[in-house]
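Residue numbers (our numbering): 910 to 1103.
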């Protein structure tokens, strides 16, 4: 098994941090990126001549939440832990569902309305395993990965919260004027047992 971590940084270029694992039978790839996410590249990353199915999930920023108009989302991560948690999820899914390949890429920074914040692609010899693995990988990502989001609403109000369904948020009046915003973190937001 090969684990490789690469950080690609350019002077004015957006940043990509990635982790990959190729044990010969299955490949896992995870990344955190400040770049626009490219669905076709993620599909190509999991493509395999032994796969009869590729399933792609693309999570996008919608224009409303809980009756409020959303301007944009902002994602932040504890990158080393987030990458390792993402890799653990991918390795578990690959083994559990006999996948040929799985890729999970999460965007960081500002994600405008209609753009992708996460892409998960899986390839498998059969479609049933690909469907199940893709959905399970997403649910595990939302439940475990050390990524937080700020929902920025029209009018300047924002809410920071764990990136999971039903997570409670803390209202942020104006982050530009107060860089020491306290955000309550619920037990488990930093991963299992933390």
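Cβ atoms here follow ideal geometry from the backbone N, Cα and C, with glycine treated the same way.
Predicted model only: the values in this text are computed from it and were never measured.
Item	Value
6 angstroms CB neighbourhood of residue 914 in its chain, flanking five on each side removed	Because the pLDDT at residue 914 is just 41, under 50, the model does not fix this residue reliably, and the point stays unresolved.
Under the three-state DSSP convention, the category residue 1059 falls into	strand
Beta-carbon proximity of residue 1056 to residue 978, cut-off 7 angstroms	no
Sub-7 angstroms separation of residue 937 and residue 999 beta-carbons	yes
Under the three-state DSSP convention, the category residue 1036 falls into	helix
Residue 997, DSSP secondary structure in three states	helix
Residue environment, residue 1115, which counts as buried when at least 16 other CB atoms sit within 10 Å	Since the first and last residues shown for the chain are 910 and 1103, residue 1115 lies out of range.
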